[in-house]
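A.B. asks:
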Amino acid sequence: MPTAVESREACVSKILEHFAGVPRTEEAFYLRFQTLPRAHLAALKCAWRETDDWRIFRRLWRGCRGKASDADRQA
3 MPTAVESREA CVSKILEHFA GVPRTEEAFY LRFQTLPRAH LAALKCAWRE
53 TDDWRIFRRL WRGCRGKASD ADRQA
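Taking the numbering used here, the leading residue of the sequence shown gets 3, the next gets one more, and so forth.
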């Protein structure tokens, strides 16, 4: 049986799939963020212990941008 942390990480990973294929500009990422279902935003706030939408956006933006950069470096 998965632990609470594993379940939370799986949930966050699934939500992050919403941002797959977004062009790596802050503007494009923000537009996609605006389409994130409110329930997903609430789940991220709970998982990351944040209350502010902008903190969630910044964390997502920095995290997804960093992963894309790592993939570019390996190509």
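By construction, the Cβ of each residue, glycine as well, lies at the ideal position given by its N, Cα and C atoms.
For L62, count neighbouring C-beta atoms within 10 Å of its own C-beta (all shown protein chains included) and say buried if the count is 16 or more, exposed if not.
C.D. replies: Residue environment: L62 is assigned as buried (16 or more neighbouring CB atoms within 10 Å of its CB, all protein chains considered).
A.B. asks: If you draw a straight line from the alpha carbon of A22 to that of R51, how long is it in whole angstroms?
C.D. replies: 23 Å
A.B. asks: Using a threshold of 8 Å, state whether the C-beta atoms of R67 and R26 are closer than that.
C.D. replies: yes
A.B. asks: Can you give me the Cβ contacts of T53 inside the same chain, cut-off strictly under 8 Å, excluding the 5 residues immediately before and after it?
C.D. replies: K47
A.B. asks: Report the three-state DSSP secondary structure of D54 (helix, strand or coil).
C.D. replies: coil
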